[in-house]
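*Asks:* In case it helps, this note's numbering puts the sequence shown at residues 18 to 391.
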Amino acid sequence: MDKKRTIAIILLLALSVGAAGTTGFFIGKNGTENRYIIEQDLNVKLNRSDLDGLGKIEGAIYVTGHKSPDSDTVGSSIAYAALLKQLGYDARAVVLEEINNESKYILETAKLDIPQTLEDASGLNMILVDHSEYTQSAEGLENANIISIIDHHNDGAVTTGNQIIYDARPLGSTATIIWIRYRNYGLVPDKQTATVMLGAILSDTVNLTSDATTFADKEAVKALSAIAGIKDTDAFYQQMFKERLSYKGMTEEEIFFSDYKEYETDGHKYSIGCIEVYDEDAIKKMADRIKTVVPSTLKSTGMEMAFAQINVYHDDISITYIVPSDEAAGEVIKSAFGDKAVFDGTSYVFNPGMSRKKVLVPAITEVLKAHPKE
């Protein structure tokens, strides 16, 4: 065999081996991709099976957040109703009361209408988002068919004898939980829905700076801002913040009830109205304005005690003033926080400030549990 022929045979063998190896590589790669797709499809089917478990649902499904709706309540209601619509359900987002200026701005940005107001939930199919308390929810809820509760707060008083989907996670926003459910169901929110979800998360996490903010909230903001086409989320939040602090034309009572929630612990009923202002000068003025209103709310709401929580929480400033309705409410604050509760004659001052959900409510709950009402 001559030298040229020998070289040709060697090259041919090398090319054959290389081609076989390359073919094997592509087969392996495609096999991995196919297994991934199959696994993803299985995960989607597994997650959607929770809806299958509810059986056939007759009639429309109404998705609502709590009374005194904030942006997380409004955005989460719209987002979860939109998710269910993609899955073929007749789902409708509703609110229970007038929405605040921040929520209006977010909806205007998303080019969405304000959801209709639900007067009575009796006999309706209901999904609760961002709450699980009867006192915070729709009238007639005791006589409704409660299908799901999606929330990021503590478990509340709402119960049902039926099977339900209960998804409660300690995340910064209910809208983040709903974003995770979109992913689990293999769905993507549209641009309008992504915008309201983004606004909801930024609002409830104070632009991802609150102690309640989690990795999931940050990832949700990245994904939703891309879908919404909002590149500068800081600018979006700052405009939201300006709208939220706009109390022009509002009475002290309207301000107190603009972000208001009621609670019940061991027979004790109390409420907290949360108010945000821009700086320490504004917080003192607001405390003076609101102090006369807080006691008067007890009669109209039937609460045993009430608290106005006034916060400054931005640009590394963190201050909270708590204005109690009366001496008994003040004693609860002192028992809950001890020496940290500094009274200035009108308010208990906390520096740094606190979260209503993560600090104030649990602290009051512990005090009231130690003194159950007979």
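Ideal Cβ placement from N, Cα and C applies to all residues, glycine included.
(1) May I ask you to list the residues that DSSP assigns as paired with Y287?
(2) Are the beta-carbon atoms of D130 and T90 separated by less than 8 Å?
(3) Quick check on DSSP: helix, strand or coil for I218?
(4) Could you pull the start and end residues of the beta strand (DSSP E) that R306 belongs to?
(5) Based on DSSP bridge pairs, tell me the residues matched to T134.
(6) What separation, rounded to the nearest whole angstrom, lies between the Cα atoms of G347 and E293?
(7) Check for me: the alpha helix (DSSP H) holding V238 runs from which residue to which?
(8) Which first and last residues belong to the beta strand (DSSP E) in which F367 is found?
(9) Just to confirm before moving on: does the CB-CB distance between K278 and Q153 stay below 8 Å?
(10) Mapping the DSSP letters down to three states, classify V80 as helix, strand or coil.
(11) Please name the residue in Y202, V376 and L71 whose C-alpha comes closest to that of G178.
(12) Using only the alpha-carbon positions, how far apart do P86 and P132 sit?
(13) Here's the rule I'm using: 16 or more other beta-carbon atoms within 10 Å means buried, otherwise exposed. How should Y53 be labelled?
(14) By alpha-carbon positions, which one of F253, R261, R198 and S263 ends up nearest to A237?
(15) May I ask which residues mark the beginning and end of the beta strand (DSSP E) holding N142?
(16) Using the C-alpha atoms, what's the distance from I78 back to K102?
(17) Within the present structure, is the beta-carbon of T90 separated from the nearest heavy atom of the ligand GDP by less than 7 Å?
(18) For a test of the three-state rule: what should DSSP assign to S165, helix, strand or coil?
(19) When you compare only the Cα positions, how much space is there between K84 and V359?
(20) Could you check the C-alpha separation between P389 and E260 for me, to the nearest Å?
(21) Can you find the residues in the same chain that come closer than 7 Å, C-beta to C-beta, to I350, ignoring five residues on each side of it along the sequence?
(22) Could you give the first and the last residue of the continuous alpha helix (DSSP H) run that contains Y97?
(23) Would you call the CB atoms of T282 and L204 closer than 8 Å?
(24) When we look at the beta-carbon of S88 and count the other beta-carbons within 10 Å, is it buried (16 or more) or exposed?
(25) Taking just the CA atoms, how far does S313 sit from S190?
(26) Smallest Cα separation from L377: which of K301, V223 and N171?
(27) Just verifying my parser: in three-state terms, what is the DSSP assignment at Y254?
(28) Below 7 Å CB to CB, which residues in the same chain sit around T193 once its five sequence neighbours on both sides are set aside?
*Replies:* Answer, in terms of the structure:
(1) BP columns for Y287 point to Y280 and M322.
(2) The answer is no: Cβ separation not under 8 Å.
(3) Three-state result, I218: helix.
(4) Unbroken run through R306 is the alpha helix (DSSP H), E297 to I307; no beta strand (DSSP E).
(5) Its beta-bridge partners are V112.
(6) Whole-angstrom Cα-Cα distance: 21 Å.
(7) Unbroken alpha helix (DSSP H) run through V238: F232 to A245.
(8) For F367, the uninterrupted beta strand (DSSP E) segment begins and ends at Y365 to F367.
(9) Less than 8 Å separates the beta-carbon of K278 from that of Q153.
(10) Strand at V80.
(11) Looking at the Cα atoms, L71 is the closest of the given residues.
(12) Pairing P86 with P132, the inter-Cα distance amounts to about 11 Å.
(13) Under this definition Y53 is an exposed residue.
(14) Answer by Cα proximity: R198.
(15) Bounds of the beta strand (DSSP E) holding N142 are N142 to V146.
(16) The straight-line gap from Cα to Cα measures roughly 10 Å.
(17) Among the ligands in the structure shown, none appear at all, so the ligand GDP cannot be discussed.
(18) Note: S165 maps to strand in three-state DSSP.
(19) Going by the C-alpha atoms only, they are around 31 Å apart.
(20) Distance between the alpha carbons of P389 and E260 is about 40 Å.
(21) Counting only Cβ-Cβ distances below 7 Å, and skipping sequence neighbours, we find I339, P341, A358 and Y365.
(22) Y97: member of the alpha helix (DSSP H) spanning S88 to Q103, first to last residue.
(23) Not in contact: T282 and L204 (Cβ atoms no closer than 8 Å).
(24) Label assigned to S88: buried.
(25) S190 and S313: Cα-Cα distance of roughly 31 Å.
(26) From the listed residues K301, V223 and N171, the smallest Cα separation to L377 is found for N171.
(27) Secondary structure of Y254 (DSSP, three-state): helix.
(28) Answer for T193: I218, A233, D234 and A237, listed in chain order.
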